[in-house]
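**Q**
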Amino acid sequence: MRIERLSAKAEDYLETILRLSETPRGARTGDIAAALDVQPSTVSAALKSLKEQGLAEYTPYGAVGLTPKGRQVAEDIAGRHVSLRRFFTETLGLSQEEAELAACGMEHDATPLVLDRMGLLGDFLRQNPALLGQWHAARATAKGERAPGVESGLDELPPGVRAVVVGIDVDSGLRKRLVEMGVTPGVLIAVERVAPLGDPIAVEVRGYRLSMRKAEAARIRVKWRPGLI
Amino acid sequence: MDRQANAAALRILLAGNPNSGKTSVFNWLAGAHQHVANYPGVTVEKKTATFVRAGRTIELMDLPGTYSLLAASPEEAIARDEILSGNAAVVVQVLDATNLERNLHLTAQLTEMGVPVTYALNMSDEAAAHGLTFDLELMSGLLGGPVIATNGNTGEGTDELLAAALRVAAGNPPCSGRVFYGTDLESAIAVVAERFEGDDAVSARRRAIALLDGLPDPHAPSGALEAAARETARLEKRGGRPLDVQIAETRYGFARGVAVEVARESSPHVRRASTLRLDDVLLHRVWGLPIFVALMWIVFNLVFALGEPPMRWIEASLEWLAGRIAVAWPAGAAPLLRSLLIDGAIGGVGGVVSFLPNILLLFLAIAFLEDTGYMARVAFLMDRIMHKMGLHGKSFIPMLIGLGCTVPAILATRMLESKRDRFTTILVTPFVSCGARLTIYALLIPAFFAPRWRGWVLWGIYLTGILAAIAAARLLRGTVFRGANAPFVMELPPYRWPTWRSVAIHMWDRAWMYLRKAGTVILAISIVLWALGTFPRKQEFSGEETRLAEALEYSAIGRIGKWIEPAIRPLGFDWRVGTALVGAFAAKEVFVAQMGIVFSLGGDEVEADSLRSALRRHYTPLQGLAMLLFCLLSAPCVATIAATKRETDSWGWALGMLLGMTGVAWITTFVVYQVGVWLAWGVG
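If you read the sequences in order, they're chains A and B.
Under our numbering, read the first sequence as residues 636 to 864, first letter to last.
Under our numbering, read the second sequence as residues -8 to 675, first letter to last.
1. Starting from A/P835, find everything on chain B with Cβ-Cβ shorter than 7 Å and list it in chain order.
2. Any Cβ of chain B within less than 7 Å of the Cβ of A/A798?
3. What number of angstroms, rounded off, separates the C-alpha of B/F187 from the C-alpha of B/A45?
4. If we count Cβ pairs, one from each stretch, closer than 8 Å, do we get three or more for the stretch 842 to 852 of chain A versus the stretch 465 to 482 of chain B?
5. Is B/V81 helix, strand or coil by DSSP?
6. Using alpha carbons as the reference points, say which of B/R492, B/A88, B/L95 lies closest to B/D116.
7. Grab the span of the beta strand (DSSP E) containing A/G802 for me, first residue to last.
8. Since B/A3 sits in a beta bridge, which residues does DSSP pair it with?
9. Determine the direct distance from the alpha carbon of A/R774 to that of A/S787, and round the result to whole angstroms.
10. Would you kindly report the start and end of the unbroken alpha helix (DSSP H) that includes B/S178?
11. Please determine, among B/D204, B/G667, B/W644, the residue with the shortest C-alpha to C-alpha distance to A/S807.
12. Considering only C-alpha positions, which residue in the set B/L352, B/R411, B/L418, B/R637 is nearest to B/A296?
13. What first and last residue would you give for the alpha helix (DSSP H) that runs through B/F359?
14. With DSSP collapsed to three states, give me the class of B/M686.
15. Between A/L729, A/L789, A/D744, A/S718, which lies nearest to A/V829 when the distance is taken from Cα to Cα?
16. Under 7 Å, Cβ to Cβ, is there at least one residue of chain B near A/A830?
17. Is B/R49 buried or exposed, if buried means 16 or more other CB atoms sit within 10 Å of its CB?
18. Can you tell me the Cβ-Cβ gap for A/I652 and A/L701, rounded? I've got them flagged as a contact below 8 Å.
19. Of the residues that make up the stretch 267 to 282 of chain B, which ones have a beta carbon closer than 9 Å to any beta carbon in chain A?
20. Please go through the same chain and pick out, in chain order, the residues whose beta-carbon is closer than 7 Å to the beta-carbon of B/A21, but skip the five residues on each side of it.
21. I want to verify the contact list: residues of chain B whose CB lies under 8 Å from the CB of A/P793, in sequence order.
22. State the beta-bridge partners of B/D87 as determined by DSSP.
23. Taking 7 Å as the cut-off, decide whether the C-beta atoms of B/N272 and B/D362 are in contact.
24. Buried or exposed: where does A/T694 fall if 16 or more other Cβ atoms within 10 Å of its Cβ makes it buried?
25. Candidates B/K13, B/A433, B/R492, B/I658: which alpha carbon is nearest B/A584's?
26. Looking at B/A215 and B/V251, is the spacing between their C-beta atoms short of 7 Å?
27. What does B/D235 reach in chain A if we use C-beta pairs closer than 8 Å?
28. According to the Cβ coordinates, are B/T415 and B/P389 closer than 7 Å?
29. Can you look up A/K811 in the DSSP assignment and give me helix, strand or coil?
30. Would the beta-carbon of B/T420 fall within 7 Å of that of B/A400?
31. Quick one: does B/N90 have its CB under 7 Å from some CB of chain A?
32. Tell me the DSSP bridge mates of B/T102?
33. Apply the 10 Å Cβ neighbour rule to B/T700 and answer buried if 16 or more other Cβ atoms are within range, or exposed otherwise.
34. Check each residue of the stretch 46 to 80 of chain B: if its Cβ is closer than 8 Å to any Cβ of chain A, include it; give the result in chain order.
35. Bridge partners for A/I836 per DSSP, in chain order?
36. Under the three-state reduction of DSSP, which class applies to B/K13: helix, strand or coil?
In structure tokens form, the structure reads like this:
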């Protein structure tokens, strides 16, 4: 749905107009200039060009609006921005600021196929938290840093990644059983393997091996530690 | 309290984790025939051995293997109560040197009991093979009792262990090891302990810790309960997590501290590369299940194929014996006693001992699987499927064995730890079609079905049995055995090659239990059934041909068959089928013989084909199908009932099973037969 030869700048304008037009105040020239950090006169020139292309409509001193065509382009770009930012934070593990910056740059240049594939990869890893975890652990290990704040149930800990038990979220005989088997806060734990049918799992703790159902492991909160055992 | 007996016999208790080699140490100390198992939860009952050593009578008691003494499970309660009973001169804790940290968690609790303790550092040879050695003197100082290195496989060190235990018992110094719980917890313990006014310091401290640990204490003074509640709330707020978790953390802190301190290595853990490598194969994502299926196939064949010839020999020799007696004992002299001996007693004994080859082989296989550590893997592999059925991963083995014979299958449920899982498995396993029922199918299916349908019918019958078992399991778990699932949390012990000695002891122990407990019941009921088939006796017969049929019809069984006819008529059965069904209660295959008798087709040797044509003349294929269904689902045989009684320790469950299964069979057969009649299917 890309308009031929529409500049990155023009796309930024459309995106900004779309965002501002959803506020009660509407998109006004001054606000657009402030949002894009440019002079109001520059905005006027750009709007004129957009109007000529049939993407925007405005009256001097009134609110700026988008034509149906312009709205479509703007929504397309906004969607790409959001999905890129999500990919950068969730899948690549970048900080919000870095992701925002990278998304602003790439939203104009990435071809639809590239965006599509990135989206698929992101979805795939979201549906396979074990793989996602393994990837984050490997990434963190490669950089010699800790996987930032990955905390989950033990059932989501990928095999081969070590973790520290943070707490046990269950108030019953199961907790007594777990702590008497040595699964106490602060202890190092690792999932050693998963049964062929996908449940239960075998974990290593305190130098021996323990098996438990995933539903039970889900009650054990762990903080991931990079580095394979 | 039996003071005199205490004075005479010195009681030593053996405590320890499952898989610590406790029972093998027990066997060496006592020379007794007891189980050894590399498997959690084998020791369910208390076992004692009495022997004389150094002029003293020693009563050695093997406590159930437990991971703690909190009395949260029946095994833990037994262990704790024995230790606290005051009857024991000394407690010997067996520690697995290759897994010292977790084993010492139990020690942390044991030190609070105020009893003299001696420690057996078992499997230290195995630890040494992995380059891990220990400072026993330091360990002894830290734990407050002598520590002796032992080897459960060879018996090394067990004499020294007994000597050390006797020395401790003579001096009677309570264990001086003690866990320090940290300033906060210790002050809370002191506050609560003060409220146990009648108790001595050790007992007050122990009960205070137990209360803070969240364990019920019905005899605690209300002041102590209030103080414990207050302190718990305070410490949970401060610690940010439940108090029982904080206590366990501290105990494990003690355990880890000792383990690290006494190990002459940086790590107190033995990393078992060989076990991990074996599990890479045996628990492989793709190959794990095929290997398991293959192993189960071997077990099944070992039990039933290898057991078949000796079973035949036993039956043949009993027949030979009966034949000899029949020849030597003239038919005219005391005919009743003769019949009782030949048909009742020998038949009954046959019912008991003909299972013995199967049972010995089964127990051999189970002992081997347990002692190697594979049994825990079976549960690990199968839990997903069995859990969906409302059962436990380990329930798979009994159900598989049930395809051969229900009696050993029920005995095999012993390996299930939770009572709920165990009872559910016991009650549903008889639905799985056993080998004896196959003889009924072999008679009925060819009688009523065209050759191309026979395979399907047989397959359908087996499938129906399995589906009935699944449905029954779900029903039981939804009603009688309702409630949260027992945690699956289970140790995967390292693989160990068992000694033949321990496997043999293990096998023999269980087989003996079967003979003693189930055998007597089977024998008794067999004789009762013999009596029912013999009395009252008919004197006048209309013809020599029909003599047996008339005698059976006249007997109590025949009368019962007639008496129940109104009840079974809606199922399409007449009194003849009823009579055969009553007889089949003794053993499923008796159904065939009884049908032969009621149709007057001679005595023992029934011509299968002539019986089939007689059946075809008398019954429709629909009635044949009804018989198949009823035989599959109805009351299990006497031996099954006896085994159920033995394993549940209750006639209630055994009779409940009898009634429940018969009810299920009646309703199912009723529906199938009536719908069939309505659809006019298979009536012609």
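All C-beta atoms, glycine included, are put in the ideal place defined by N, C-alpha and C.
Only a predicted model underlies this, so the values are computations on that prediction, with no experimental measurement involved.
**A** On the basis of the coordinates in this document:
1. For the purposes of this step, residue 835 of chain A is taken as residue 200 along the first sequence, with counting starting at 1. Here the neighbours are F371, D374, F479.
2. As a working note, residue 798 of chain A is residue 163 in the first sequence. Chain B contact via Cβ: absent.
3. The residue labelled residue 187 of chain B in the question sits at position 196 within the second sequence. The residue labelled residue 45 of chain B in the question sits at position 54 within the second sequence. Each residue's Cα considered, the two are about 41 Å apart.
4. The stretch 842 to 852 of chain A and the stretch 465 to 482 of chain B touch, with no fewer than 3 CB-CB distances between them shorter than 8 Å.
5. Position 90 of the second sequence, counted from the start, is the residue given in the question as residue 81 of chain B. Three-state DSSP puts B/V81 in a strand.
6. The residue labelled residue 116 of chain B in the question sits at position 125 within the second sequence. Nearest C-alpha to B/D116: B/A88.
7. Within the first sequence, residue 802 of chain A is the residue found at index 167, counting from 1. It spans 796 to 803 - the beta strand (DSSP E) in which A/G802 sits, taken as one unbroken run.
8. Position 12 of the second sequence, counted from the start, is the residue given in the question as residue 3 of chain B. In the sequence as displayed, the identity of residue 3 of chain B is Ile instead of Ala. DSSP lists B/L51, B/V81 as partners of B/I3.
9. Residue numbering aside, residue 787 of chain A sits at position 152 when the first sequence is read from its first letter. Residue numbering aside, residue 774 of chain A sits at position 139 when the first sequence is read from its first letter. Rounded to whole angstroms, A/S787 to A/R774 spans 18 Å at the Cα level.
10. Position 187 of the second sequence, counted from the first residue, corresponds to residue 178 of chain B. In the DSSP assignment, B/S178 falls within the alpha helix (DSSP H) that extends over 174 to 185.
11. Position 172 of the first sequence, counting from 1, holds the residue named residue 807 of chain A. Minimum Cα distance to A/S807 is reached at B/D204.
12. As a first step, residue 296 of chain B must be located in the second sequence, where it is residue number 305. Nearest C-alpha to B/A296: B/L352.
13. Reading the second sequence from its first residue, position 368 is the one you call residue 359 of chain B. Element bounds for B/F359: 347 to 363.
14. The structure shown does not extend to residue 686 of chain B, since chain B spans only -8 to 675, so no value can be given for it.
15. On the first sequence, residue 829 of chain A is found 194 positions in, with the first residue counted as 1. If we check each option's Cα against that of A/V829, A/L789 comes out closest.
16. Taking the first sequence and counting its residues from 1, the one referred to as residue 830 of chain A is at position 195. Taking 7 Å as the threshold, the shortest C-beta distance from A/A830 to chain B falls below it.
17. Counted from its first residue, the second sequence places residue 49 of chain B at position 58. Per the sequence shown, the amino acid found at residue 49 of chain B is Ile instead of Arg. Buried.
18. As a first step, residue 652 of chain A is located in the first sequence; it is residue number 17 there, counting from the start. As a first step, residue 701 of chain A is located in the first sequence; it is residue number 66 there, counting from the start. Yes, A/I652 and A/L701 are in contact; Cβ-Cβ is about 6 Å, under 8 Å.
19. L267, D270, D271, L274, H275, R276, V277, W278, G279, L280
20. Residue numbering aside, residue 21 of chain B sits at position 30 when the second sequence is read from its first letter. Within the same chain, B/A21 has close Cβ partners A40, F42, L51.
21. On the first sequence, residue 793 of chain A is found 158 positions in, with the first residue counted as 1. Result: empty, since nearest Cβ-Cβ is about 14 Å, beyond 8 Å.
22. The residue given as residue 87 of chain B occupies position 96 in the second sequence. Beta-bridge pairing by DSSP links B/D87 to B/N113.
23. Looking up residue 272 of chain B in the second sequence gives position 281. Looking up residue 362 of chain B in the second sequence gives position 371. It should be noted that the sequence gives Val, not Asn, for residue 272 of chain B. Against a cut-off of 7 Å, the Cβ pair of B/D362 and B/V272 comes out as no contact.
24. Along the first sequence, read from residue 1 onward, the residue named residue 694 of chain A stands at position 59. Exposed: under 16 other Cβ atoms inside 10 Å.
25. Indexing the second sequence from 1 puts residue 584 of chain B at position 593. Answer by Cα proximity: B/A433.
26. Locating residue 251 of chain B in the second sequence gives position 260, counting from the first residue. Locating residue 215 of chain B in the second sequence gives position 224, counting from the first residue. The answer is no: Cβ separation not under 7 Å.
27. Reading the second sequence from its first residue, position 244 is the one you call residue 235 of chain B. R810, K811, V814, listed in chain order.
28. Position 424 of the second sequence, counted from the first residue, corresponds to residue 415 of chain B. Position 398 of the second sequence, counted from the first residue, corresponds to residue 389 of chain B. Annotated as distal: B/T415 and B/P389, with beta-carbon spacing of 7 Å or more.
29. Position 176 of the first sequence, counting from 1, holds the residue named residue 811 of chain A. If DSSP states are grouped into helix, strand and coil, A/K811 belongs with the helices.
30. Start at 1 with the first residue of the second sequence, and residue 420 of chain B comes out as number 429. Start at 1 with the first residue of the second sequence, and residue 400 of chain B comes out as number 409. Yes, the Cβ-Cβ distance between B/T420 and B/A400 is below 7 Å.
31. Position 99 of the second sequence, counted from the first residue, corresponds to residue 90 of chain B. By this cut-off, B/N90 is an interface position.
32. Residue mapping note: residue 102 of chain B aligns to position 111 of the second sequence, counting from 1. B/T102 has no beta-bridge partner at all, per DSSP.
33. Residue 700 of chain B lies beyond the residue range present for chain B, which begins at -8 and ends at 675; the question has no answer from this structure.
34. Y58, S59, L61, A63
35. Reading the first sequence from its first residue, position 201 is the one you call residue 836 of chain A. For A/I836, which the question treats as bridged, DSSP gives the partners A/V829, A/M847.
36. Working through the second sequence from its first residue, we reach residue 13 of chain B at position 22. Residue state, collapsed to three classes: helix.
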